[in-house]
Amino acid sequence: MVSVKISNGKDYSFQYPVTVKVFYNSGPLQGAIDWQNEDSEPSLFEINGDGQSIDIPLTVKGTCDTINRTDGTCSDFAYVQIWNKDGKRAVAKKRFYLSIKAVL
234 MVSVKISNGK
244 DYSFQYPVTV
254 KVFYNSGPLQ
264 GAIDWQNEDS
274 EPSLFEINGD
284 GQSIDIPLTV
294 KGTCDTINRT
304 DGTCSDFAYV
314 QIWNKDGKRA
324 VAKKRFYLSI
334 KAVL
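In our numbering, the protein residues as written are 234 to 337.
Take a look at the structure:
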């Protein structure tokens, strides 16, 4: 679970409600980990006001779709983006990385 909280700053204010979009496969380096709900990306969430937070269930199935590391593990990220109301592009972005090693 990842908690996302956004707050207006001195120089920038979000236009609420904002949409939080989570992508699992659409980036050029994504796709190695088998994320739950990755086939219906993006996952969408909403934050309605300044200082509010939401919990995003970043869940994996515990397997690699592709081994992409020389040590036999896979590494991937979920890409979280914040979009203003009626926004044309993301106004904030963060990647959350995960590595999985097969246990025999």
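Note that CB positions come from ideal geometry on N, CA and C, so glycine has one too.
(1) Assuming I315 and I239 are in contact, meaning their beta carbons sit under 8 Å apart, how far apart are those beta carbons, in whole angstroms?
(2) Less than 8 Å between the CB atoms is what I'm expecting for I300 and V253, so what's the real figure, rounded?
(3) Express the C-alpha separation of T303 and R322 in angstroms, rounding to a whole number.
(4) May I ask you to report which of helix, strand or coil DSSP gives E274?
(5) Can you pull the DSSP bridge partners for K243?
(6) If you reduce the DSSP assignment to three classes, tell me which class Y249 lands in.
(7) If you drop the 5 nearest sequence neighbours on each side, which residues of the same chain put their C-beta closer than 8 Å to that of G260?
(8) Based on Cα-Cα distance, which residue from Y249, G264, K243 lies nearest to F256?
(9) Helix, strand or coil: how does DSSP classify K295 here?
(10) Take the Cβ of P275 as the centre, count every other Cβ of all protein chains shown within 10 Å, and call the residue buried at 16 or more, exposed below.
Reading it off the structure:
(1) 6 Å
(2) Not a contact, Cβ separation roughly 30 Å.
(3) 35 Å
(4) coil
(5) Beta-bridge pairing links K243 to no other residue.
(6) coil
(7) F310, Y312
(8) G264
(9) Checking the sequence shown, residue 295 turns out to be Gly, not Lys. Three-state result, G295: strand.
(10) buried
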